[in-house]
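Let me begin by presenting the structure, written as C-alpha cells, before commenting on it.
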Amino acid sequence: MRFLQAILVGLMKLAEGGLKGMEWLWYTAWRLWPFGGGGGTVMPAKHLDLPDVDEAKETKEMAADQQRAADCILSSPERVALAWARATEDERDAIPLTKLTTDQIDWLEVRLTDEQLKILAAEKSECKVAQALAGQEDAIFGVPSVPVRKRKSGPDLTDRIMDFRMGGIERPPAFVH
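Here my numbering runs 1 ahead of the position in the sequence shown, where the first position is 1.
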C-alpha cells in the first residue's frame, strides 16, 4: 500500500517539479519495493568492548609461559612417564606419549597396576625412572621394569665361517689342470 502511495505522491511531484520530482519518485519507489532494492534502516554502531593492549600482551605472555612449562614437564621420557603416572585417568588422554617406545607405553598403560602407578608417581628420582624404562631390574622397589626384548641374533661370525668352509668342500675346484 505504501508503495502505491509513494507512486502517487511521486507523480504529483513530477507534475510540479519536473526532473526533481522524477528523481524523488525513483528513489522512493525502489526504497519501498517489497523485494529488496536498497534503503532500509541503518543499525547504530555497537560499542565494541575490546580488551586493553597491555592486558592482551599479558595474556599472550602467560600462555607462552604455560606452553614452556608444559614442554619442560614433558621434555624427557622419564618426565613423561612420571607425569602420566601422576595424572588422573581423564588427564592421561591429554599427555602425549611420543617420547616413549611402544614397549614403554605398553608397560605404563597395561602392565602396571594402580598400586604400582602410585609408587611410580611418588618416585622423586628421574634417574631411577630412566633405569626402569631402560629395563634394569629392581630400579624402583615394588615396580617391575620395562621388559627388555631379547634381540634376534643372526648367525655368529664363527658359524658363518664354518658354513663357508663346509660349502667349499662340496664345490668343484676353481680350476682344472
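Every residue gets a Cβ at the ideal spot worked out from N, C-alpha and C, and that includes glycine.
Could you name the residues of the same chain whose beta carbon sits closer than 8 angstroms to that of Leu75, not counting the 5 residues immediately before and after it, in chain order?
Val81, Ala84, Ile96, Pro97 and Lys100
How is Val149 classed by DSSP in three states: helix, strand or coil?
coil
Need the endpoints of the alpha helix (DSSP H) that Gln68 sits in, please.
Val54 to Ile74
Would you identify the three-state DSSP class for Ile96, choosing helix, strand or coil?
Three-state result, Ile96: coil.
Would you call Pro148 buried or exposed, if buried means 16 or more other Cβ atoms sit within 10 Å of its Cβ?
exposed
By the 10 Å Cβ neighbour count, where 16 or more other Cβ atoms means buried, how is Gly11 classified, buried or exposed?
buried
Return yes when the Cβ of Pro145 is within less than 8 angstroms of the Cβ of Gln1, no when it is not.
Absent from the structure is residue 1, since the part of the chain shown begins at 2 and ends at 178.
Taking just the CA atoms, how far does Cys73 sit from Glu127?
Their Cα atoms are separated by approximately 14 angstroms.
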